[in-house]
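Written below as structure tokens is the structure these notes are about.
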Amino acid sequence: EAGVAQSPRYKIIEKRQSVAFWCNPISGHATLYWYQQILGQGPKLLIQFQNNGVVDDSQLPKDRFSAERLKGVDSTLKIQPAKLEDSAVYLCASTPDSYEQFFGPGTRLTVL
Amino acid sequence: GEDVEQSLFLSVREGDSSVINCTYTDSSSTYLYWYKQEPGAGLQLLTYIFSNMDMKQDQRLTVLLNKKDKHLSLRIADTQTGDSAIYFCAVRSNDYKLSFGAGTTVTVRA
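In order, the protein sequence lines correspond to chains A and B.
Under our numbering, the first residue of the first sequence carries the number 21, and numbering increases by one thereafter.
Under our numbering, the first residue of the second sequence carries the number 338, and numbering increases by one thereafter.
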């Protein structure tokens, strides 16, 4: 079974630029999560999708972050404009049943 | 949200047992998890325990849960160099959200 795929793996941008991350969850997994993991911290939930609907986006900084999950499969997370404090690893996870979340390798973002 | 605390570092000799501790605040937590993260990789689920259990053993891994003290521990028997990684405690609340600790970096020395 293929795991959760994410791209790109690494991204370096200047502050105020825009960036987008892509996630392809495990086939058949209805629930998809985006987490932000700042160096030295545990992952923090940004947004949760159930199929193509948003379940929880209470921790998403909506003035600069947006996310969508078209057709209930792939998802993109966008930051526009980026700030220095957005430097982190962005993890995507999916689950079929809310008990075990399967994580992708993450995208490491550096904002200069 | 849920507060989850872990010690940051653990150094252990190869072949010894490792014990990683975690405390949490939400007494209504249903599932408690241990994840492993190796450099450049995502999180890998090692094991989990349901809140009505005291202990769970899975090969070299033993999870102990003290619900009264809101304390969770992970014991790795016969620690190997491949066990060097960051270990995260995570707690699932009734709304199915996972809250993670900051992670414990385990270093295995020869």
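Ideal Cβ positions, reconstructed from N, Cα and C, are used throughout, including at glycine.
So residue i contacts chain A; which residues on that side make the cut at Cβ distance below 9 Å?
i                      : result
lysine 434 (chain B)   : Leu65, Gln68 and Asp76
tyrosine 361 (chain B) : Result: empty, since nearest Cβ-Cβ is about 12 Å, beyond 9 Å.
If you measure between the beta carbons of residue i and residue j, is that distance less than 8 Å?
i                     : j                       : result
leucine 59 (chain A)  : glutamine 79 (chain A)  : no
alanine 87 (chain A)  : tryptophan 54 (chain A) : yes
leucine 345 (chain B) : alanine 414 (chain B)   : no
leucine 97 (chain A)  : asparagine 72 (chain A) : no
alanine 447 (chain B) : leucine 435 (chain B)   : no
Since residue i and residue j should fall inside the 8 Å C-beta cutoff, what is the C-beta to C-beta distance between them, to a whole number of angstroms?
i                       : j                           : result
valine 109 (chain A)    : isoleucine 33 (chain A)     : Wrong, their Cβ atoms sit about 15 Å apart, outside the cutoff.
glutamate 111 (chain A) : glycine 126 (chain A)       : This sequence places leucine at residue 111 (chain A); glutamate is not what is there. Right, the Cβ-Cβ distance comes to about 5 Å (below 8 Å), so this counts as a contact.
tyrosine 370 (chain B)  : phenylalanine 387 (chain B) : Not quite, the Cβ-Cβ distance comes to about 11 Å (not below 8 Å), so this is no contact.
Taking the beta strand (DSSP E) that residue i falls in, what are its first and last residues?
i                       : result
histidine 408 (chain B) : 408-413
tyrosine 424 (chain B)  : 422-429
arginine 128 (chain A)  : 127-131
alanine 22 (chain A)    : Here alanine 22 (chain A) belongs to no beta strand (DSSP E), and DSSP marks it neither H nor E.
Residue i versus chain A: which residues are under 7 Å apart at the beta carbon?
i                           : result
phenylalanine 425 (chain B) : Gly62
phenylalanine 437 (chain B) : Gly62 and Pro63
glycine 440 (chain B)       : Gly62
For a contact defined as C-beta to C-beta under 9 Å, what are the partners of residue i on chain B?
i                     : result
leucine 111 (chain A) : Gly379 and Leu380
Interface residues of chain B around residue i at Cβ under 7 Å?
i                      : result
glycine 124 (chain A)  : Gly379
serine 118 (chain A)   : Tyr433
glutamine 56 (chain A) : Chain B residues near glutamine 56 (chain A): none, gap ~11 Å exceeds 7 Å.
Which residues of chain B have a Cβ atom closer than 8 Å to the Cβ of residue i, listed in chain order?
i                       : result
glutamine 37 (chain A)  : Per Cβ cutoff of 8 Å: no residues; glutamine 37 (chain A) is ~24 Å from chain B at best.
glutamine 100 (chain A) : Here the premise fails: no neighbours, minimum Cβ distance about 25 Å.
* **Length at least 3, wholly inside the segment 340-391 of chain B: the beta strand (DSSP E) runs in chain order** => 341-343, 346-350, 355-361, 368-374 and 380-387
* Note down, one range per segment and in chain order, each beta strand (DSSP E) of at least 3 residues found wholly within the segment 32-105 of chain A. => Here the runs fully enclosed are 39-44, 51-57, 64-70, 73-76, 85-88 and 95-99.
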